[in-house]
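Each remark here refers to the structure printed beneath this line.
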Amino acid sequence: MTLIELMVVLVTGVALSSIISHFVPAIPISLFQIAIGVLLATWGQINVEVDSHWFMMLFVAPILFNDSWRFPKRELWELRAPILGNAILLVLVTTIVGGYAIHFLIPQLPLAVSLALAAVLSPTDPVAVQAIAKRVKLPENLLHVVTGESLVNDATGLVSFNTAVKAAVAGTFVLGDALLNFAWMTVMGALVGIFLGSGMIILRNWVSRSGLADVVFYTIFTLLMPFIIFWVAEGIHASGLIAVVTGGIAAKILSDRKSSLLSAEATIVSVHSWEVVVYVLNGLIFVLLGITLPNALHNILKNTEIANWQAFLYGLLVWLIVFVLRVLWAYAIQWGQHWHHKETVASLRSAIVSGLTGVRGAVTMAAVLTVPTVTDAGKAFVGRDLVIFIAAVVVVLSLVMASIMLPVVTKQVTQHDFTQPESAMAAEESESPVRADLSEKRARLWIIRVGIQRLRDLQTEENRRIIHELISRRQKSARTLRHSLHDDQDQSDYAAEKEIELQELALEAQRNRLQQLLVEESISPITYSLQAKRLDQFEADLGSDRDLAGFVRFKWYYRRLRANFRIWLSDQESEVVHEESGLAVREMAKAAIKALSDFVGAQVGDTVTHRILRQTAYNLIVVYRYQIEKTKHVPSFEQQEQDDKTRMELELKTLSAERDMVQELYDQKRISRQTSINLRQYINYAETRALVGRNEE
1 MTLIELMVVL VTGVALSSII SHFVPAIPIS LFQIAIGVLL ATWGQINVEV DSHWFMMLFV
61 APILFNDSWR FPKRELWELR APILGNAILL VLVTTIVGGY AIHFLIPQLP LAVSLALAAV
121 LSPTDPVAVQ AIAKRVKLPE NLLHVVTGES LVNDATGLVS FNTAVKAAVA GTFVLGDALL
181 NFAWMTVMGA LVGIFLGSGM IILRNWVSRS GLADVVFYTI FTLLMPFIIF WVAEGIHASG
241 LIAVVTGGIA AKILSDRKSS LLSAEATIVS VHSWEVVVYV LNGLIFVLLG ITLPNALHNI
301 LKNTEIANWQ AFLYGLLVWL IVFVLRVLWA YAIQWGQHWH HKETVASLRS AIVSGLTGVR
361 GAVTMAAVLT VPTVTDAGKA FVGRDLVIFI AAVVVVLSLV MASIMLPVVT KQVTQHDFTQ
421 PESAMAAEES ESPVRADLSE KRARLWIIRV GIQRLRDLQT EENRRIIHEL ISRRQKSART
481 LRHSLHDDQD QSDYAAEKEI ELQELALEAQ RNRLQQLLVE ESISPITYSL QAKRLDQFEA
541 DLGSDRDLAG FVRFKWYYRR LRANFRIWLS DQESEVVHEE SGLAVREMAK AAIKALSDFV
601 GAQVGDTVTH RILRQTAYNL IVVYRYQIEK TKHVPSFEQQ EQDDKTRMEL ELKTLSAERD
661 MVQELYDQKR ISRQTSINLR QYINYAETRA LVGRNEE
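First residue of the sequence shown? That's 1 in full-length UniProt numbering, and the numbers climb one at a time after it.
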């Protein structure tokens, strides 16, 4: 398989994992990506030789650069103590204490090898924790610490790992040389990162002031920064990962100071480009991890000296050692803070949460796979297969345990965890914040209804067709939101239930009218067949059995494709069927409107349920009116241009009303600040989409 084909397969695997995770949100997406990688390796016979250098440069460097660029500077400074403590001291404690514990537990592993295994297991991988955190609502400061320490501990752990591996390969261990090497890689890596990160931003600003920069240049320049920084740092035998982290922080600070030199378009395009790149790279890391697992585990499972159950037990115990060390460290930090601030309380629950967030990932596997097969003396590297196997078990087990235990442990999170900075602990809020009663989805549903009402107010005889089109789009979005809200209130449940009943009523009226058109010979059997299958598909979508609806949809697409092919064979017949289809759609829509109007007219009363019923019926009538307007005529090129202008003006006025509603909800404390930001971004994106490509003089 060529490199291009391999990349297509891997990216396809990432996309597939995203689809699967959408339907199974309870399981972290990284586990699905690992499973896809395992399937590609076992069934697809795909084998990828992971080189540590290119893996770190291609995957880890841009991810760390993006994390350091986006990491809040204030939180990074206020939480510097726990971040540096976890990233440096905890890594060293895990390496030394964990290494001796592993050597005691597994005597067949030499001490240097045990230290190397503990070192490579010390870095945490926040990618999976971020996905879990969205579901279990981890404390915000804990997330900041986990993310912040991951910016540094990868480099710290890998430097310790390389030092221990070199000692195992050489057969000797000189503490002075190891400390000197560690200091050189760390200090020089930080200096290179600060120098290059600042220098490249200064260069970019100079180009911007000269008027030579555009959106494409800015985006490409920013994407190249982590690769250049990593490559230069590794070239002088410094830590490329530390250089990337410090370079990202320095570049972000200078970039914020000169943000006026950049256009809003360049900033938005760059941010979204990074989001796509980082998402794909994160997914590729775990897919590659899954691909490497079968080959890495093959040798140890075939080894007759160690039983399979014993190897798995070793992996479980090593994970337990690393987990316990992290929990004890977090608990000790809490007691230290309690010693200085009596108002704080040490919580074992918070310490366990911190231990569970320390998941290991693909960086660990990429590093452990670089363990050489022979030493300098020409002998086999003792325990290499067992080290790789244990590391793989710890990686998978940490992900599984975090996804299972975090939702259980975090049901009652303490207010003050060990990650809280002292300034934040001392400053207690004098009054409790007002609790927002609208979630983001409910607030979106609210502003969509405001937009629909605004469109109704703007309706005239000239823009009626476009108004119906825009209302139909928003009604579809509102329907999707209502279905996604599993905790709907009684009124919402009633509206959804009545909507299905009214749709079934309209569907029956359409079937009857279609049958009449066939009897009256107003349409041909081919047209009748196409429209009947369209109604069948609509009925399948109304059903609660989604699997059956998908099967019916597939059959409908197949039959429609076959019918369209038959129609395409004759141009004359194609034109006739097209005209008949327009007639059928109009007549069926009229029949549906009449049925809905008659049903609502028969309902007497002005209760809340009656108003909901009338509103639901009106929403459906608008959809059918839009279907009628679409089939009345084919607009000319000039009319299409005029329609586009009208559509844009109406869309902008509606979005302005929705934006005002967001501000009103926020002023009334109905939504939180973050929800208001998300809703404004959603409206801004819709506004940008309406304006994109417009260049009117």
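Beta carbons: idealized from backbone N, C-alpha and C, even for Gly.
Inside the segment 641–697 only - alpha helix (DSSP H) runs reaching at least 4 residues = 673–691
CA-to-CA distance, Ile-300 to Asn-308, given in whole angstroms = Sequence index remark: in the sequence shown, residue 308 carries index 308 (1-based). Sequence index remark: in the sequence shown, residue 300 carries index 300 (1-based). Rounded to whole angstroms, the gap between the alpha carbons of Asn-308 and Ile-300 is 8 angstroms.
key: Coil, strand or helix - Val-269 by DSSP   = As a working mapping, residue 269 is identified with position 269 in the sequence shown. Correct three-state label for Val-269: helix.
ask   = Three or more beta-carbon pairs under 8 angstroms between the segment 389–403 and the segment 141–148, yes or no?
value = At 8 angstroms Cβ cutoff, the stretches do not touch.
Integer-rounded CB distance, given that Gly-189 should sit under 8 angstroms from Ile-242 = Numbered from 1 along the sequence shown, position 242 holds the residue referred to as residue 242. Numbered from 1 along the sequence shown, position 189 holds the residue referred to as residue 189. Cβ-Cβ separation between Ile-242 and Gly-189: approximately 4 angstroms, consistent with a contact (criterion under 8 angstroms).
request  = Give me the Cα-Cα distance between Leu-325 and Val-165, rounded to the nearest whole angstrom.
outcome  = Along the sequence shown, one-based indexing puts residue 325 at 325. Along the sequence shown, one-based indexing puts residue 165 at 165. So the alpha carbons of these two residues sit roughly 22 angstroms apart.
key: Range covered by the alpha helix (DSSP H) that runs through Asn-66   = Along the sequence shown, one-based indexing puts residue 66 at 66. 61–70 is the extent of the alpha helix (DSSP H) around Asn-66.
query = How many angstroms separate the CA atom of Leu-652 from the CA atom of Asp-536?
reply = On the sequence shown, position 652 is the one that residue 652 refers to. On the sequence shown, position 536 is the one that residue 536 refers to. Cα-Cα distance, rounded: 37 angstroms.
Same chain, Cβ closer than 7 angstroms to Ala-532, five either side skipped, listed in chain order = Against the sequence shown, residue 532 aligns to sequence position 532. Within the same chain, Ala-532 has close Cβ partners Leu-514.
Cβ separation of Leu-620 and Ala-478, assumed to be a contact under 8 angstroms, to the nearest whole Å = Reading the sequence shown from its first residue, position 620 is the one you call residue 620. Reading the sequence shown from its first residue, position 478 is the one you call residue 478. At roughly 12 angstroms, the Cβ-Cβ gap does not stay under 8 angstroms, so Leu-620 and Ala-478 are not in contact.
key: For Ser-273, the nearest candidate out of Val-318, Leu-224 and Tyr-100 (CA to CA)   = Sequence index remark: in the sequence shown, residue 273 carries index 273 (1-based). Among Val-318, Leu-224 and Tyr-100, the Cα nearest to that of Ser-273 is on Leu-224.
request  = Would you list, in sequence order, the uninterrupted alpha helix (DSSP H) runs of no fewer than 4 residues that lie entirely inside the segment 326–397?
outcome  = 348–357 and 362–368
ask   = Nearest-angstrom Cα distance between Arg-360 and Pro-28?
value = Your numbering for residue 360 matches position 360 in the sequence shown. Your numbering for residue 28 matches position 28 in the sequence shown. Between Arg-360 and Pro-28, the C-alpha separation is close to 13 angstroms.
task = Tell me whether Ala-116 counts as near the ligand MG, meaning its Cβ is closer than 7 angstroms to at least one heavy atom of that ligand.
result = The ligand MG is not among the ligands present in this structure, which contains no ligands whatsoever.
query = Can you tell me whether DSSP reads Leu-16 as helix, strand or coil?
reply = The residue you call residue 16 lines up with position 16 of the sequence shown. Here Leu-16 sits in helix by DSSP.
key: Asp-125, buried or exposed, once every other Cβ within 10 Å from all chains shown has been counted against 16   = Against the sequence shown, residue 125 aligns to sequence position 125. Asp-125 is buried by the Cβ-count criterion.
query = Rounded to a whole number of angstroms, what is the C-alpha to C-alpha distance between Gln-603 and His-610?
reply = For the purposes of this step, residue 603 is identified with residue 603 of the sequence shown, where counting begins at 1. For the purposes of this step, residue 610 is identified with residue 610 of the sequence shown, where counting begins at 1. Per the coordinates, the alpha-carbon of Gln-603 lies some 7 angstroms from the alpha-carbon of His-610.
Between the CA atoms of Gln-475 and Leu-613 - distance to the nearest angstrom = What you label residue 613 is simply residue 613 of the sequence shown in a count that begins at 1. What you label residue 475 is simply residue 475 of the sequence shown in a count that begins at 1. When rounded, the distance between both Cα atoms is 15 angstroms.
request  = Helix, strand or coil for Asp-536, going by three-state DSSP, please let me know.
outcome  = Reading the sequence shown from its first residue, position 536 is the one you call residue 536. Asp-536 falls in the helix class under three-state DSSP.
ask   = Hey, how far is the Cα of Arg-511 from the Cα of Leu-445?
value = Numbered from its first residue, the sequence shown carries residue 511 at position 511. Numbered from its first residue, the sequence shown carries residue 445 at position 445. Cα to Cα, the separation comes out at about 32 angstroms.
ask   = From Ser-347 to Thr-357, what distance separates their C-alpha atoms?
value = Taking the sequence shown and counting its residues from 1, the one referred to as residue 347 is at position 347. Taking the sequence shown and counting its residues from 1, the one referred to as residue 357 is at position 357. Distance between the alpha carbons of Ser-347 and Thr-357: 16 angstroms.
message = By the three-class DSSP mapping on this structure, what secondary structure does Thr-292 have?
response = On the sequence shown, residue 292 is found 292 positions in, with the first residue counted as 1. Three-state DSSP puts Thr-292 in a helix.
ask   = What is the DSSP secondary structure of Glu-275, reduced to helix, strand or coil?
value = Looking up residue 275 in the sequence shown gives position 275. The answer is helix: DSSP assigns Glu-275 an H, G or I state.
Helix, strand or coil at Val-91 [DSSP, three-state] = For the purposes of this step, residue 91 is taken as the residue at position 91 of the sequence shown. Here Val-91 sits in helix by DSSP.
task = Quick one: grab the DSSP three-state call for Ala-190.
result = The residue labelled residue 190 in the question sits at position 190 within the sequence shown. Here Ala-190 sits in helix by DSSP.
query = Does the beta-carbon of Glu-664 have 16 or more other beta-carbons within 10 angstroms, so that it is buried, or is it exposed?
reply = Walking along the sequence shown from the start, residue 664 turns up at place 664. Label assigned to Glu-664: exposed.
task = From the DSSP output, in three-state form, read off Pro-28 for me.
result = In the sequence shown, residue 28 corresponds to position 28, counting from 1. Coil, per DSSP.
request  = Enumerate in chain order the residues of its own chain whose CB-to-CB distance from Gly-235 is below 7 angstroms, with the five nearest sequence positions on each side excluded.
outcome  = To locate residue 235, count along the sequence shown from 1; it is residue 235. Nothing listed; no residue qualifies.
ask   = With 16 other CB atoms within 10 Å as the buried threshold, where does Arg-464 fall?
value = Residue mapping note: residue 464 aligns to position 464 of the sequence shown, counting from 1. Its Cβ having fewer than 16 others within 10 Å, Arg-464 is exposed.
inquiry  = Taking its Cβ as the centre, do 16 or more other Cβ atoms sit within 10 Å of residue 699, making it buried, or is it exposed?
reply    = Only positions 1 to 697 of the chain appear in the structure, and residue 699 is not among them; the question remains open.
key: Nearest-angstrom Cβ-Cβ length linking Glu-440 and Asn-678, presumed shorter than 8 angstroms   = For the purposes of this step, residue 440 is taken as the residue at position 440 of the sequence shown. For the purposes of this step, residue 678 is taken as the residue at position 678 of the sequence shown. So it is a contact: roughly 6 angstroms between Cβ atoms.
Cα-Cα separation between Val-413 and Met-405, rounded to whole angstroms = To locate residue 413, count along the sequence shown from 1; it is residue 413. To locate residue 405, count along the sequence shown from 1; it is residue 405. Summary for Val-413: the model assigns pLDDT 41, below 50, so the residue's position carries little reliability; its value from the coordinates is reported in the next sentence. Each residue's Cα considered, the two are about 13 angstroms apart.
query = Between the beta-carbon of Met-661 and the beta-carbon of Ala-690, is there less than 8 angstroms?
reply = Within the sequence shown, the letter at position 661 stands for residue 661. Within the sequence shown, the letter at position 690 stands for residue 690. With contacts defined by Cβ atoms closer than 8 angstroms, Met-661 and Ala-690 do not form a contacting pair.
request  = Could you tell me if Leu-203 is buried or exposed, where buried requires 16 or more neighbouring beta carbons within 10 angstroms of its beta carbon?
outcome  = Numbered from its first residue, the sequence shown carries residue 203 at position 203. Exposed, since its Cβ has fewer than 16 Cβ neighbours within 10 Å.
message = Do Lys-669 and Ile-628 have their beta-carbon atoms positioned less than 8 angstroms apart in this structure?
response = For the purposes of this step, residue 628 is taken as residue 628 along the sequence shown, with counting starting at 1. For the purposes of this step, residue 669 is taken as residue 669 along the sequence shown, with counting starting at 1. Their beta carbons are not under 8 angstroms apart, which means Ile-628 does not touch Lys-669 by this criterion.
Where the alpha helix (DSSP H) containing Asp-256 begins and where it ends = On the sequence shown, position 256 is the one that residue 256 refers to. That run of the alpha helix (DSSP H) goes 240–257.
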